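Novice: Using the numbering used here, the first residue of the sequence shown is number 11, and each one after it goes up by one. To start, I am sharing the structure in question, which I have written as structure tokens.
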Amino acid sequence: MPGETAAARSAASFRAVGSPGQGPVGGAGRSPGSTTIAVERSLAEGYDADIALVDPDRTWTVRAADSESAQEYTPFEGFELTAAVTDTFLRGQHVLEAGKVVGDPQGQYLRRS
């Protein structure tokens with residue numbers, strides 16, 4: 011928003027990427043053009059190191075064809091969004107780099123009961 015402080019934009023971007031069930035992740039101010047770091051819990055020895063780097067100023071359009079998902083549709087097709095995850099670390103492993111999935115899959119399929 012015009013006239014909005016960098017700290018307010020940063021707080022909004024942290025709210026957007028807070029981890030489910032944990033509530034919003036608090037954040038400090040940032041300089042314009044910097045990447046926001048959203049931390050799920052703590053960056054400390056013994057924790058998972060699940061980290062998402064977010065560019066809060068990047069605008070993009072949702073397209074099912076651009077998704078890594080096996081689904082061939084999204085109800086958000088064509089929506090223009092602001093803020094994009096640029097990089098993700100899962101248990102300390104870089105799994106999304108510059109918006110592209112890297113490395114081997116690390117999860118396992120869980121069947122519905």
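Glycine residues also receive a C-beta, built at the ideal position from the N, C-alpha and C atoms. This structure is a prediction, so every number in the text was calculated from the model and none was measured.
Measure the alpha-carbon distance for Glu82 versus Ala74 and round it to whole angstroms.
Specialist: Locating residue 82 in the sequence shown gives position 72, where the first residue counts as 1. Locating residue 74 in the sequence shown gives position 64, where the first residue counts as 1. Cα to Cα, the separation comes out at about 6 Å.
Novice: Using the beta-carbon count (16 or more within 10 Å), is Val112 buried or exposed?
Specialist: Residue mapping note: residue 112 aligns to position 102 of the sequence shown, counting from 1. Exposed, by the Cβ-count rule.
Novice: Between the alpha carbons of Phe86 and Ala94, how many angstroms are there, rounded?
Specialist: Numbered from 1 along the sequence shown, position 76 holds the residue referred to as residue 86. Numbered from 1 along the sequence shown, position 84 holds the residue referred to as residue 94. One C-alpha to the other measures close to 15 Å.
Novice: Taking all protein chains shown into account, decide if Thr124 is buried (16 or more other Cβ within 10 angstroms of its Cβ) or exposed.
Specialist: Residue 124 falls outside the range modelled here, since the chain spans only 11 to 123, and no answer is possible.
Novice: Which same chain residues, not among the five before or five after Gly88, have their C-beta less than 7 Å away from its C-beta?
Specialist: Along the sequence shown, read from residue 1 onward, the residue named residue 88 stands at position 78. Excluding sequence neighbours, Gly88 sits near Thr71 and Val72.
Novice: Could you name each continuous beta strand (DSSP E) segment of 3 residues or more that falls completely within the region 42-116, going from the start of the chain to the end?
Specialist: Correct list: 46-49, 61-71, 90-100 and 103-107.
Novice: Given Leu91, which residues of its chain have a CB within under 8 Å of its CB, disregarding the five upstream and five downstream residues?
Specialist: On the sequence shown, position 81 is the one that residue 91 refers to. Thr69, Trp70, Thr71 and Val72, listed in sequence order.
Novice: Work out the CA separation of Gly109 and Ile61 for me, nearest whole Å.
Specialist: Position 51 of the sequence shown holds residue 61. Position 99 of the sequence shown holds residue 109. About 14 Å.
Novice: Please determine, among Pro115, Ala54, Gly102 and Pro66, the residue with the shortest C-alpha to C-alpha distance to Glu78.
Specialist: Position 68 of the sequence shown, counted from the first residue, corresponds to residue 78. For the residues Pro115, Ala54, Gly102 and Pro66, the minimum Cα distance to Glu78 belongs to Pro115.
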